[in-house]
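If you read the sequences in order, they're chains A, B and C. All the letters of the first sequence, read from the start, carry residue numbers -16 to 766 under my numbering. All the letters of the second sequence, read from the start, carry residue numbers 9 to 289 under my numbering. All the letters of the third sequence, read from the start, carry residue numbers -1 to 163 under my numbering. Don't be surprised by glycine CBs; every beta carbon is placed ideally from N, CA and C.
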Amino acid sequence: MTTKFIGKRVKRNEDPRLLTGQAQFVDDVEIPGMLHAAFLRSDYAHARLLSIDVSEARKRAGVVAVFTAEDMGDDWQPGPPLVSPPPTVKDVIFHSRRQVPLVKDKVRHAGEAIAVVIAESRYIAEDAVEDILVEFEPLEAVIDLEKGLEAGSPLVHDDLESNLAAHLFQKKGDYEAAREKADLVIARRIVVDRGAAAAMENRGIVTDWDKKSQHLTVWDTTQAPIPIRNGLVARLGLSEHKVRVIAPFIGGGFGPKMMMFYPEEMLIPWVSMKLNRPIKWIEDRRENFYATTQERGQIHDVEIALSKDGHILGLKDIFLHDTGAYDPYGLTTPLNTQCHVMGPYDIKNFTSEVSVVFTNKTLVTPVRGAGRPQGIYIIERLLDIAARELGIDLIAIRKRNLIPPDAFPYEHEIIDQAFAPLVLDSGNYWPVMEKALEMVGYDQFIEYEQPRLRAEGKYVGIGVIPFLESTGVGPYEGARVTVEASGKINVATGIGTQGQGHFTSFAQIVAEQLGVAVCDVRIVTGDTAEFHWGTGTFASRGAVVAGNAIHASASIVRQKVLKLASKILKTPEEELELEDGLVRVIDIPHKSISLGELALLANPLRGAVQPGTEPGLEATAYFGPQYGATAFGTHAMILEIDPETMMLEIKRYITVEDCGTVLNPLILEGQIHGGVSMGIGNAYYEKLHFDENGQLLNASFADYLIPSATELPRIEVGHVETQSPLNELGAKGVGEAGTLPVPALFAQAIENALNNRDLEILETPLSPNRLYELLRPNEEKSR
Amino acid sequence: MTQILVPKDLQEALELLAIDHPPRLLAGGTDLLVLRKDNPEKFASFLVLENVRELCGIHKENNRIRIGSRATHSEIEHSSILMKYAPVLAHAAAEIGSVQIRNRGTIGGNIVNASPAGDLIPALIALDAVAELHSLYRKREIPLREFFLGPGRTVCRLNELLVAIHFELPDAREHGVFLKIGPRKAVACSKVNVAVQALMHHRTVEWIRIALGAVAPTVIRAPRTEAWLQGKRLSPELIAEARAMVREEISPITDIRSTVEYRRHVAGVLIERALESSLSK
Amino acid sequence: MTLPESDKQPVRLRVNGESIERVIPADRTLLLFLRDDLGMTGTKCGCEIGECGACTVLLDGNPVCSCLVLVVAVDGADVLTVESLADGDNLTDLQEAFLDHDAVHCGFCTPGLLMSAEFLLQRNPEPTELEIRTAISGNLCRCTGYVQIVEAIQDAAARRRAKAP
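Set out below in structure tokens:
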């Protein structure tokens, strides 16, 4: 397919506003008469709430109201369940315990909201929070996943018998039989710890209730404005067309802004209606560390069975997954882990059993990667260990096990977050890996450079990690495309945007169909008044699902345009082309009509319209994939470690991605760079440290270190395209891809760099200090 | 409610400090305003030093260098006087925080906050600097070595103002090195930092001062290692011994940023590297 | 605002070339003064402890975190924010370079980054990659991995050099 706009490095439509400080973020919304909210949050992770006295706070000048759980009366209800457990998995245990708007009886994590103060200014509200007196009975906190499941452990939810939130078993083939036949069985415990998404913009919400028109407007830092609208409608008893949720410019999402119905999202609109005033609440960074969802804590006891030539015969993974104090997001994250722990390899026998554990820590919902990086870390670590034990090259053992190109569509069999057995739609894995090896100069490095540098006393290492990513899951998205009388195109879709460049990549899709300039396509995302069907931006699905809905709508509009133009220009449709905002006769270019004129003619003021004709040049269409498209990629890295301080420097970083059709390489590369940088943070810089009481010890950017420009390398991006057969664009998602293999890549490259130090890394995140500790017992032994 | 006083000169500042519960001194604000965010009640009043000209400037006076306490880290980093005579201090300043923080943060603030990890302090102690404290009624000078009592605690009294820091003009043959290890390359609090100032003659140590940060409740000197090195000729073996010796002279702790073992190890590594760099001169 | 009058102080600043006089609470930070009192919301608030750089402005020509500056302490100062850069719809060469290189993703860190980059280019017309990375190390970005930002600043420097007499 030759394209004019799709696949081109088109500059972004949205940037001028963002570059000049004119883009509106939630905190920039200002409404006359607006009040400000601040929350009293618990310092304890686990404590019974004995009493609460807000009388002094209410007396403070400038305070309009203070609400506790008790003040909410019957309106106090836990949040709605967001994602149910997969009904398709047999014998699944799932205890749904949802977050509450304000603590009523018991605090379940540090930072949980106890009361909200509404005042004339943020300053006053914050001061008044200090006036509130609370009496707690501190309880022992559940922090450790294994201890949390032991008999006699304190309970996060007193009505349950244990802290088991869910239990899920999946299998394919017969692992035990495969194990019998194996030449080598490797068993390890592998631990993955928690990190934060740390979007630069904290969460926030502004609500405006107009009592006269009974209309509620909500500006929310959400990735999913339509589900928020739907939930508010249900809770507040309003009509859908009386609630408008706007997700304006959002300063980064990365998953946690998807967790619809944070306590504040339920509470602030309710208070706005109670007080009949506009209200603004903006989270501060400290609150963000305590009250915005996190991810990645898992403990895996895993076993891999191999033949002596390195073929994987089977894999068995029993793991614990930390869900924090509540589990509104169901099993999406551990399901993703189960679906990715086999990596891109053809494994016939597989057993996976997950126990999800309630802890007295911040809630867990997907963070960019969403359970997938854990799965990839596990399988790739095991393959590195297996290669070493079998004396097989690291690349060869992987090549030997990759799913072959003729196996697609590949029946993966394990049920994924879409509640159906995963099918891998398409792929050709080895060429992607080969390209990464070429780009990084693997053979050259191993044969010449590394020995040379080692002789100079430098500790340099190389890593290469392939990975797959399930993306673009359903259920659906929709879009409406309209040709306006100005000749410009208006497009509305329901998902939100948090920096992915949708205003441009979506415009390219429409421009391709309608022959207009990309800058003449105006995209609206995240405003329920403009489009009110949809789910949200998550699971690397925006470009795939919304993109294809836009493509479908634009295609219908194109047919309408051609049909009308054919009549007016008295020329068969096949002889017409859409170029430069005009419909023209291919061979007589001056015979043409503009899209704007056509739009006017399609919406006449007088005269008869034929039956069955719709007015205007407009179409609404939906796209729901049969199942998700699966992307593939390989990262390669060369790093150098200071063998004394364990500080490291990345010398080369290569990614090769196959995410199907590339809509805009400029945007795609940016998405990958960003994913890799978050992955590097996950691998070597970022870890949330909770103490035994559930206190987060590094709840600030001074101590939770996200990589700055001096830590991060240049990132070279290569592309391979295997188009998805599941959608017309042939697209697969890529938003999360960059993060997935990075921790596994670090582990491999670090071991390679320190290959004389007898190091086996079985955990992530690492840090210079942690790496030093892992090596120290070896040093002492060798002394 | 916060009261903010903005004196026009040193005299007015000292007068405002000469009361029972004097206001907190605010220089660049890069630490104090952070602390205030979580504990606003502890910061009822501030004395802003922004306009007190007597606290500014970096000067060479006779055979001493005098740095006003309001000199920012950026001014120190780019000072031609310090680059020439005391590069150890200029280099330490360049390692602090971000450009934004260096443009506001001051040497006086870095000293008075008395963080065990403050980056300028080891450099100043290696230069054997002296703090000049003024109150309305008197003026006293305290060697920086004796200035710190513990984390966040110094000999500076509430009615006193740190006006300047000065030290003897280093000999042109002296050599100074500042090294730090943080969790991130840029904009990070030190896990360990070291400063070494030495006079070498044909690879023999005539004298040496070694100061280490974040390895004890205050920045410390390593007197035993210093004394042991004096008069000896630097060699790889000698450096290895010094590295081991320094490890025993420090008393680091485990905290959120680092463990005892890593700090001890890395302190030795940094001393080794600082001495190696002396060796290469 | 209900703070007692005694707590308020008059201040006079030049903000983006315009003289501003206000009576404000004494403990108002420059960041909140710009955003809340002047309604100039281009400058962003990310952490309020000087670690993220989203609030970077030029104070008397030097980049600072406006969240850690008390307005009364810098009475009389000259402040430049992101709103000062473009002339109407005409972007500066630096902004154009950001646009060309996809250096803006969510855009939340962009205003602060532009101010840090502008300062760098004024001081150092031919910065190396390391100098650029160091100059922006106080501006955290979670979306881009800084790759395209560094490219954009390099390109902007080249454009400026090409234009220079």
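Exposure of C/Gln93, with buried meaning 16 or more beta-carbon neighbours within 10 Å:
buried
List the residues of chain B that A/Tyr755 touches, going by C-beta distances under 7 Å, in chain order.
Tyr270 and His273
Going by beta carbon distance, what residues of the same chain come within less than 8 Å of B/Met317, once the five residues before and after it are set aside?
The question about residue 317 of chain B has no answer, for chain B in this structure spans 9 to 289.
B/Glu234: first and last residue of the uninterrupted alpha helix (DSSP H) it sits in
Pro231 to Leu237
Ignore the nearest five residues each way along the sequence and tell me which others in B/Ser288's own chain have a CB closer than 7 Å to its CB.
none
Going by C-alpha to C-alpha distance, which of A/Ile624, A/Phe(-12) and A/Lys42 sits closest to A/Gln433?
Of the listed residues, the one whose Cα sits closest to A/Gln433 is A/Ile624.
Consider the Cβ of A/Ala165: report whether some Cβ of chain C lies at a distance smaller than 8 Å.
At a cut-off of 8 Å between beta-carbon atoms, A/Ala165 makes no contact with chain C.
Neighbourhood of C/Gly15 by C-beta, 6 Å cutoff - its chain only, sequence neighbours within 5 removed
No residues qualify anywhere along the chain.
Nearest to B/Ala172 by CA position, among B/Ile189, B/Gly158, B/Pro151 and B/Phe156, is which residue?
Nearest C-alpha to B/Ala172: B/Pro151.
Neighbour list for B/Val277 in chain A, Cβ cutoff strictly below 7 Å
Glu627 and Thr628
For B/Ser143, does the three-state DSSP call read helix, strand or coil?
Look at B/Ser143 here: in three-state DSSP terms it is coil, with no helix or strand label.
Taking Cβ to Cβ, would you say C/Ser64 is nearer than 8 Å to C/Val70?
no
Taking all protein chains shown into account, decide if A/Asp426 is buried (16 or more other Cβ within 10 angstroms of its Cβ) or exposed.
exposed
For A/Glu557, is the beta carbon positioned less than 7 Å from some heavy atom of the ligand COA?
Absence of the ligand COA is noted for the structure shown, with no ligands found whatsoever.
Kindly list the residues whose CB is nearer than 8 Å to the CB of C/Thr0, restricted to its own chain and excluding five residues on each side of it in sequence; keep chain order.
Caution is warranted here: a pLDDT of 38 is assigned to C/Thr0, below 50, making its placement in the model unreliable, and the coordinate value is therefore given only provisionally. Once the five neighbours on either side are set aside, C/Thr0 has no close Cβ partner at all.
Report the neighbours of C/Cys107 on chain A: residues whose CB is nearer than 7 Å to its CB, in chain order.
Met183
Taking all protein chains shown into account, decide if A/Gly509 is buried (16 or more other Cβ within 10 angstroms of its Cβ) or exposed.
buried
For A/His672 and A/Gly178, the rounded distance between their alpha carbons:
9 Å
Can you list, in chain order, the residues of its chain with a C-beta nearer than 7 Å to that of A/Phe450? Leave out the 5 residues immediately preceding and following it.
The residues are Gly326, Pro327, Ile359, Gly616, Leu723 and Pro724.
Within the continuous alpha helix (DSSP H) that includes B/Arg251, where are the two ends?
Pro244 to Glu257
State the DSSP-derived secondary structure class of A/Lys155, mapped to helix, strand or coil.
strand
Cα-Cα separation, A/Ser67 to A/Tyr312
7 Å
Whose CA, out of A/Thr334, A/Gly187 and A/Asn213, lies closest to the CA of A/Lys263?
A/Gly187
So with Cβ pairs under 8 Å, would you call C/Thr39 a contact of chain A?
yes
In DSSP terms, what A/Asp10 is bridged to:
Looking at the DSSP output, A/Asp10 sits in no beta bridge, so it has no partner there.
Output yes if chain A places a C-beta closer than 8 Å to the C-beta of B/Ser88; else output no.
With 8 Å as the cut-off, B/Ser88 does not count as an interface residue toward chain A.
Pick from A/Met17, A/Thr520, A/Ala170 and A/Ser660 that is closest to A/Lys299, judged by C-alpha positions:
A/Ala170
Residues of chain C with CB closer than 9 Å to the CB of B/Asn71, please, in chain order.
Residues of chain C passing the Cβ test: none, with the nearest at roughly 32 Å.
As a quick exercise: from A/Glu286, A/Phe302 and A/Thr315, pick the residue whose alpha carbon is nearest that of A/Ile295.
By alpha-carbon distance to A/Ile295, the top candidate from A/Glu286, A/Phe302 and A/Thr315 is A/Glu286.
With DSSP as the reference, identify every bridge partner of A/Val645, one or two as the case may be.
None, per the DSSP bridge assignment.
Straight-line CA distance for A/Val499 to A/Asp563?
So the two alpha carbons sit approximately 5 Å from each other.
Does B/Ile218 get closer than 8 Å to chain A when you measure Cβ to Cβ?
no
Quick check on the burial criterion: 16 or more other C-beta atoms within 10 angstroms. Buried or exposed for A/Gly658?
buried
Can you give me the start and stop residues for the alpha helix (DSSP H) that B/His210 sits inside?
B/His210 -> no alpha helix (DSSP H), and no H or E assigned at all.
Starting from the beta carbon of A/Arg635, find every residue of chain B whose beta carbon is closer than 7 Å, and list them in chain order.
Within 7 Å Cβ-Cβ: nothing; A/Arg635 doesn't reach chain B, min ~18 Å.
Bridge partners for A/Ala843 per DSSP, in chain order?
The requested residue 843 of chain A is not part of the displayed model; chain A covers only -16 to 766.
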